[in-house]
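Asks: Questions regarding the structure given below will be posed in turn.
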Amino acid sequence: MPQRKNPHRAASTAGPGAVIVVFNLPVPDDHRVWAEARALRAAGYRVSVVCPAIRGARPGRRELEGIEIRCFRSFEGEGRLATILEGAWTTFTAGREARRALAALRGGPRALQVCNPPDLSFALLRRARRRGVRTLYDQHDVVPLLASSRPSFAKLAPFFLACERRTVAAADAVFTPSVEQAERLRELYGREAVIVRTAPVERTTQPADAPPVVPAEPADSSTPDTVLGYLGVIGEQDGVVDLVEAVHQLKAAGHTGFRVELAGDGPALPAVRARTAELGLEDVIRIRGWIGPAEMDAFFRGIDAMAVPDPGIEFNHYCAMNKVTHAMARAIPVVLRPLRENTRLVAGAGILAEDLSLPAFTAALA
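Written out as structure tokens, the structure is:
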């Protein structure tokens, strides 16, 4: 009688294995996680990435570039209760899928890398470490500071700090993309984090004659002198509504011959759309929604400068922002507020506002 195949056990035992867990973006849309997965695969690892089935990704298992992708069913919460439910759901579901992926990689040394937010997977890391799995924590965001910046979550900041402490303690090694974050981890927990910057994957660079990005809804037929771009998640902390306000102020001051391409998605997108319509800026601001890796090079070829409107909340000072590194890698000017980590990233090469205020950012755009 033929034996039934166990779908959670791998036939091959050649080489070490690694499982990467990310909760808030699928791959390859999460450029940092995808670059890490590709680097591990190139080093001879069998790699599985556990990620949510959101923003066009479908639940299930598939393989891309020799990397197994396990997408679990998920959703993006808006508001306090929905966000808490999202965090609990993704922690449980991703943890279950990560354990299955680790079981399938038996037969050699194994590593488990957990990427935040949220910081709720310390139990998963502890369990894996007790079983001889090397554990890594990749801190994308400083969750306690993000919680403190939002009135609806500020009272939960001590809880998120405790979760962060437990996650750091459960990891054999800690990664971060930011010097500011590394210094904070050292001061709070005595841990030396490895700084791993996020940058474009060279392989995705397309030839110069590749087709240009096509706007979803052309605003007019004129050719503008300057195209400002924004790329990334559109959350409360990202300041995209401030960018809309800055465009309104520029128009009111008589500036013409420019437009803005917004590519991204997130909980603050409805507010951005509403404010754009309220100010009558649909002829200047084009909102494209989320774009995948295959569209990014075309997007960058279609802009003259990258606008980085993130405001001066404490959380943002710790962020090494992908839109900054991606633009700089393509020699595209970056206009930004003087946040500490971003100022370190541009190293004098960016167009820095004089201060963190909206008028100063507007003046820098002009």
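Take the position in the sequence shown, starting the count at 1, then add 7; the result is the number in this note's numbering. Glycine included, each C-beta is placed from N, C-alpha and C at the ideal position.
Report the three-state DSSP secondary structure of I202 (helix, strand or coil).
Replies: Residue mapping note: residue 202 aligns to position 195 of the sequence shown, counting from 1. The answer is strand: DSSP assigns I202 an E or B state.
Asks: Rounded to a whole number of angstroms, what is the C-alpha to C-alpha distance between L238 and R193?
Replies: In the sequence shown, counting from the first residue as 1, residue 238 sits at position 231. In the sequence shown, counting from the first residue as 1, residue 193 sits at position 186. Approximately 31 angstroms, taken between the alpha carbons.
Asks: Would you mind working out which of F167, R65 and T183 sits nearest V121, comparing C-alpha positions?
Replies: Here residue 121 refers to the residue found at position 114 when the sequence shown is read from its first residue. Ranking the options by Cα distance to V121, first place goes to T183.
Asks: Taking the alpha-carbon positions, what's the E224 to E268 distance?
Replies: As a working mapping, residue 224 is identified with position 217 in the sequence shown. As a working mapping, residue 268 is identified with position 261 in the sequence shown. Residue confidence is low: E224 scores 43 on pLDDT, short of 50, so the model does not pin down where it sits. Its coordinate-derived value is still stated next. About 11 angstroms.
Asks: Does DSSP put E187 in a helix, in a strand, or in coil?
Replies: Position 180 of the sequence shown, counted from the first residue, corresponds to residue 187. Correct three-state label for E187: helix.
Asks: Applying the 10 Å Cβ sphere with the 16-neighbour rule, what's the burial state of E199?
Replies: Mapped onto the sequence shown, residue 199 falls at position 192. It is exposed - the Cβ of E199 has fewer than 16 other Cβ atoms within 10 Å.
Asks: Quick one: Cα of V149 to Cα of F322, how far?
Replies: The residue labelled residue 149 in the question sits at position 142 within the sequence shown. The residue labelled residue 322 in the question sits at position 315 within the sequence shown. In a straight line, the C-alpha of V149 is about 7 angstroms away from that of F322.
Asks: Leaving out five residues before and five after E43 in sequence, what residues of the same chain have Cβ atoms less than 8 angstroms from its Cβ?
Replies: Taking the sequence shown and counting its residues from 1, one reaches residue 43 at position 36. Only I27, Q120, D145 and V203 meet the Cβ criterion.
Asks: Based on the DSSP secondary-structure assignment, which residues constitute the bridge partners of A314?
Replies: Working through the sequence shown from its first residue, we reach residue 314 at position 307. A314 is bridged to V342.
Asks: Looking only at its chain, what residues have a beta carbon closer than 6 angstroms to the beta carbon of H15, apart from the 5 residues adjacent to it on each side?
Replies: As a first step, residue 15 must be located in the sequence shown, where it is residue number 8. Reliability of the predicted coordinates at H15 is poor, the pLDDT of 41 falling under 50, and no value is obtained from them.
Asks: Exposed or buried, P165, counting other C-beta atoms within 10 Å across all chains shown (16 or more means buried)?
Replies: Position 158 of the sequence shown, counted from the start, is the residue given in the question as residue 165. Answer is exposed; the Cβ neighbour count stays below 16.
Asks: Apply the 10 Å Cβ neighbour rule to D245 and answer buried if 16 or more other Cβ atoms are within range, or exposed otherwise.
Replies: Looking up residue 245 in the sequence shown gives position 238. D245 is buried by the Cβ-count criterion.
Asks: When DSSP labels each residue in this structure, what does A270 get in the three-state scheme?
Replies: Position 263 of the sequence shown holds residue 270. Reduced to three states, the DSSP call for A270 is strand.
Asks: Between the Cα of A371 and those of I358, L363 and T97, spot the shortest distance and give me the residue it belongs to.
Replies: By 1-based counting over the sequence shown, the position of residue 371 is 364. The shortest C-alpha separation from A371 is found at I358.
Asks: With a floor of 4 residues, list each alpha helix (DSSP H) that falls wholly inside the segment 247-298, ordered by position along the chain.
Replies: 247-259 and 276-285
Asks: Can you give, in chain order, each stretch of the alpha helix (DSSP H) that sits fully within the segment 109-143 and has at least 4 residues?
Replies: Every unbroken stretch of the alpha helix (DSSP H) spanning 4 or more residues and falling wholly within the segment 109-143 is given here in chain order: 129-137.
Asks: Only counting the same chain, and skipping five residues up and downstream in sequence, which positions put a Cβ closer than 6 angstroms to that of A154?
Replies: By 1-based counting over the sequence shown, the position of residue 154 is 147. Closer than 6 angstroms at the Cβ level, and outside the excluded window around A154, lie F160, L163, A164 and F167.
Asks: When the distance is taken between beta carbons, is V315 closer than 8 angstroms to A275?
Replies: As a first step, residue 275 must be located in the sequence shown, where it is residue number 268. As a first step, residue 315 must be located in the sequence shown, where it is residue number 308. Not in contact: A275 and V315 (Cβ atoms no closer than 8 angstroms).
Asks: Using the beta-carbon count (16 or more within 10 Å), is A4 buried or exposed?
Replies: The shown model of the chain, from 8 to 373, leaves out residue 4, and the question about it has no answer.
Asks: May I ask which residues mark the beginning and end of the alpha helix (DSSP H) holding F79?
Replies: One-based indexing of the sequence shown puts residue 79 at position 72. Note, F79: premise wrong, no alpha helix (DSSP H); beta strand (DSSP E) at I74 to R80.
Asks: Could you tell me which residues DSSP pairs with I27 in its beta bridges?
Replies: Looking up residue 27 in the sequence shown gives position 20. Paired residues: V56 and Q120.
Asks: By a C-beta neighbour count over all protein chains shown, 10 Å radius and 16 as the cutoff for buried, is T369 buried or exposed?
Replies: Here residue 369 corresponds to residue number 362 of the sequence shown, with the count starting at 1. Buried, because 16 or more other Cβ atoms sit within 10 Å of the Cβ of T369.
Asks: Look at the Cβ atom of E243, then the Cβ atom of R157, and state whether they are nearer than 8 angstroms.
Replies: Numbered from its first residue, the sequence shown carries residue 243 at position 236. Numbered from its first residue, the sequence shown carries residue 157 at position 150. Result yes, Cβ atoms of E243 and R157 sit closer than 8 angstroms.
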